[in-house]
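Read through the structure below, which is laid out as structure tokens, and then see the notes.
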């Protein structure tokens with residue numbers, strides 16, 4: 069299968085969409101024709117990161133819709149009980165993980181194989197992670213509000 073036919077899937081909160089997110093998405097798109105973005109629900113992000121996102125899921129989705137090379141945006145599952153249900157439904161050729169998504173590439177790949185999926189899992193490099201990171205931007209916003 070050529071790159072032009074491949075379906076690429078990414079997951080993330082994409083809170084306070086910034087150049088690091090855009091770099092990640094652009095890089096993921098290079099691996100295939102179709103880029104599908106799953107946006108983490110507010111309560112799921114709160115569980116995973118220990119705090120709610122600064123922006124609501126609908127605001128984050130609206131920001132992502134402005135990026136023309138994204139083919140489809142999906143709100144993540146309400147429950148993590150069946151964490152691979154969306155992956156099974158979408159059947160991506162490739163899943164791209166961000167540098168800060170701490171999931172094990174080997175474990176995800178093994179889980180997908182057990183489900184009968186031949187999806188490749190790739191971890192992408194960061195883009196100026198000390199400058200473009202949602203937590204850093206959130207701190208700057210908080211500091212501005214306190215002035």
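In the working numbering, the protein residues as written are 69 to 215. The C-beta atom is built at its ideal place from N, Cα and C for all residues, glycine as well. In this text the structure is predicted, and so the values were computed from the model without any measurement.
Item                                                                                                     : Value
Three-state secondary structure assigned by DSSP to residue 91                                           : helix
Distance between residue 172 and residue 148 (C-alpha atoms, nearest Å)                                  : 17 Å
Nearest-angstrom Cβ-Cβ length linking residue 104 and residue 162, presumed shorter than 8 Å             : Not quite, the Cβ-Cβ distance comes to about 10 Å (not below 8 Å), so this is no contact.
Residues near residue 96 in its chain [Cβ-Cβ closer than 7 Å; skip 5 each side]                          : 76, 78, 103, 164, 192
DSSP bridge partner residues for residue 75 (one or two, in chain order)                                 : 102
Residue-chain proximity (residue 139, chain C), Cβ-Cβ < 9 Å                                              : Judged by its chain identifiers, the structure shown contains no chain C, having just a single protein chain.
Neighbourhood of residue 99 by C-beta, 6 Å cutoff - its chain only, sequence neighbours within 5 removed : 76, 162
Where residue 190 falls: helix, strand or coil (DSSP)                                                    : strand
C-alpha gap between residue 115 and residue 136, whole angstroms                                         : 30 Å
Residue 154, enclosing alpha helix (DSSP H) - first and last residue                                     : 153-158
As assigned by DSSP and simplified to three states, the class of residue 165                             : strand
Three or more C-beta pairs below 8 Å linking the region 167-187 and the region 112-131                   : no
Proximity below 9 Å, CB of residue 108 to CB of residue 80                                               : yes
Residues bridged to residue 129 [DSSP beta-bridge criterion]                                             : Answer is none; residue 129 lacks a bridge partner.
Exposure of residue 125, with buried meaning 16 or more beta-carbon neighbours within 10 Å               : buried
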